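Peer 1: Residue numbers (our numbering): 186 to 276. Just so it is clear, CB atoms sit at the ideal spot from N, CA and C, and this is done for glycine as well. Since this is a predicted model, take the numbers as computed values, not measurements. Before I ask anything, here is the structure I am working with.
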């Protein structure tokens with residue numbers, strides 16, 4: 186399995202993941218401090234949206250590689266792999 190090739194994209198994803206980590210820690214504090222449920226739910230939604238964006242960025246990179254492989258080698262296996270990954274990602 187390939188790693189992220191684009192260093193700027195990789196850096197962006199790592200920054201996003203660190204921000205998500207901070208949001209999750211904030212959620213833990215909110216629960217410990219017994220904050221109101223609507224505020225907690227808003228933060229849960231924000232974390233979910235942020236992690237979905239990370240998934241989209243990683244899938245985008247994976248798609249570029251798979252499509253390139255499929256086109257250059259007339260490789261149906263690479264295309265099948267892309268479809269398989271997409272179906273797992275959107276579940």
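Below 8 Å on the Cβ atoms is my guess for residue 239 versus residue 202; work out the distance and round it to an integer in Å.
Peer 2: Going by Cβ atoms, the distance from residue 239 to residue 202 rounds to 6 Å, so yes, they are a contact pair.
Peer 1: Looking only at its chain, what residues have a beta carbon closer than 6 Å to the beta carbon of residue 258, apart from the 5 residues adjacent to it on each side?
Peer 2: So no residue of the chain qualifies.
Peer 1: If you measure between the beta carbons of residue 232 and residue 212, is that distance less than 8 Å?
Peer 2: Yes, they are a contact pair.
Peer 1: In chain order, what residues of the same chain have a beta carbon less than 6 Å from the beta carbon of residue 225, not counting five sequence neighbours either side?
Peer 2: Correct list, in chain order: 215.
Peer 1: Identify, in the order they occur along the chain, each residue of the same chain with its Cβ nearer than 8 Å to the Cβ of residue 197, setting aside the five sequence neighbours on each side.
Peer 2: Excluding sequence neighbours, residue 197 sits near 242.
Peer 1: Tell whether a beta-carbon distance below 8 Å holds between residue 189 and residue 246.
Peer 2: Their beta carbons are under 8 Å apart, which means residue 189 touches residue 246 by this criterion.
Peer 1: State the Cα-Cα distance for the pair residue 205 and residue 222, rounded to the nearest angstrom.
Peer 2: The straight-line gap from Cα to Cα measures roughly 19 Å.
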